[in-house]
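Just below is one structure, and these are the notes that go with it.
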Amino acid sequence: MRTELITRPGDPERPNEDFASVGLPACGQGGSLVVLDGVTPPRGDTGCSHTVPWFTARLGGALTELTVSLPDVPLSDALSHAIARTARAHAATCDLSHPRTPQATVVLARWSARTVEYLVLSDSVLLAESPDGTVTPLLDDRLARLPRAALATDALIDATLRNKEGGFFTAAADPSVAARAVTGVLPRGEVSALAALTDGAARWVVTFREGDWTDCFRLVRKAGAQALVDRVRELERADTERVFLGRSKTHDDATVVYVEP
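For the sequence shown, the positions run 1347 to 1607 when my numbering is used.
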């Protein structure tokens, strides 16, 4: 089995808010991957005394354990349990009803001898390659389908779209959000490799339009996960006129996990 994992902070002076892991059960059969992209809050109160990295480490650790130790539990249930466990860890000290309580996007995949299960919540990406080389993007595109005018300000997003019907969903403190994730099961024989990317790495496709998802997957498979992140950083530094980046921050945390199960 080939596994690669790279994660790089957008700013070396700030903690990385992404989380990534690959879990392999002691029996040696199957495995799972977890990728989280912590949501950077705007300046001001979040109702929580904890940082986003604290949250993603807690949630990611719980998901790594649960996806491996409970192989018969659906991924949406594992996410629900992990959110509930993480919420209990700070419910007594923090206002978990605040719209900016720590939260993250989620990608999960779990494989066995028979199946590959997947779950995607918000704008991180999972790519699945079949033995014939076809690459299928497994996406939650609700955020991408929203009109730009609806995303004009953080206050507007929080009031009308964040974790609301008709908007988009992230893993925060409400376990029921797990039922909103995009999920599915593929026959194991139809999947030869997987790649999970946070949006900081997916900029190669989404922001800079260097190629499509198939091109992106082939770059990772041939040159490695590090090569994709390095190329994104080069493109970000070159966009001095912010033609592509617009109002987005110059560098975002970027994570890539590649697995050939």
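Cβ atoms here follow ideal geometry from the backbone N, Cα and C, with glycine treated the same way.
Item: Complete runs of the beta strand (DSSP E) confined to the segment 1495 to 1567 [at least 3 residues]; Value: 1528 to 1533 and 1539 to 1543
Item: Which listed residue (G1407, V1605 and T1386) has its alpha carbon closest to that of A1542; Value: V1605
Item: Span of the beta strand (DSSP E) around R1434; Value: Segment L1421 to H1436 is the alpha helix (DSSP H) holding R1434; no beta strand (DSSP E) there.
Item: CB contact flag (L1497, L1454, <8 Å); Value: no
Item: Three-state secondary structure (DSSP) of T1386; Value: coil
Item: Chain-order list of residues whose beta-carbon lies under 7 Å from that of R1577 (same chain, five-residue window excluded); Value: W1550
Item: Close Cβ partners of H1427 (< 7 Å) along its chain, the five nearest in sequence each way excluded; Value: L1412
Item: Close Cβ partners of R1456 (< 6 Å) along its chain, the five nearest in sequence each way excluded; Value: S1378, T1413 and E1463
Item: Terminal residues of the beta strand (DSSP E) in which G1407 lies; Value: First-last for G1407: V1398 to S1415, but that is the alpha helix (DSSP H), not the beta strand (DSSP E).
Item: Strand pairing of A1569, partner residues [DSSP]; Value: Paired residue(s): none; A1569 is not in a bridge.
Item: Cβ pair A1490, T1482 closer than 8 Å; Value: no
Item: As assigned by DSSP and simplified to three states, the class of L1472; Value: strand
Item: Segment contact flag, the segment 1578 to 1592 with the segment 1500 to 1517, C-beta cutoff 8 Å, min 3 pairs; Value: no
Item: Expected contact under 8 Å - CB spacing of D1441 and G1393 to nearest Å; Value: 3 Å
Item: A1459, DSSP secondary structure in three states; Value: coil
Item: Best match in E1363, S1395 and N1509 for proximity to L1405 [C-alpha to C-alpha]; Value: E1363
Item: Inter-residue CB distance, S1395 and V1380 (contact presumed, cutoff 8 Å); Value: With 8 Å as the limit, S1395 and V1380 do not qualify as a contact, their Cβ atoms being about 25 Å apart.
Item: Burial state of V1531 (16 or more Cβ within 10 Å); Value: exposed
Item: Nonlocal neighbours in the same chain, by C-beta distance under 8 Å from G1557, ignoring five residues either side; Value: W1550, V1551 and L1565
Item: 6 Å Cβ shell around P1327 - same chain, five flanking residues per side excluded; Value: The requested residue 1327 is not part of the displayed model; the chain covers only 1347 to 1607.
Item: Counted within 10 angstroms of its Cβ, other Cβ atoms place L1421 as buried (16 or more) or exposed; Value: buried
Item: Cβ-Cβ separation, I1429 to A1519 (assumed contact under 8 Å), whole Å; Value: 7 Å
Item: Where R1348 sits in the DSSP three-state scheme; Value: strand
Item: Member of L1425, D1418, D1478 and P1417 whose CA lies at the smallest distance from the CA of L1382; Value: L1425
Item: Terminal residues of the beta strand (DSSP E) in which S1367 lies; Value: D1364 to G1369
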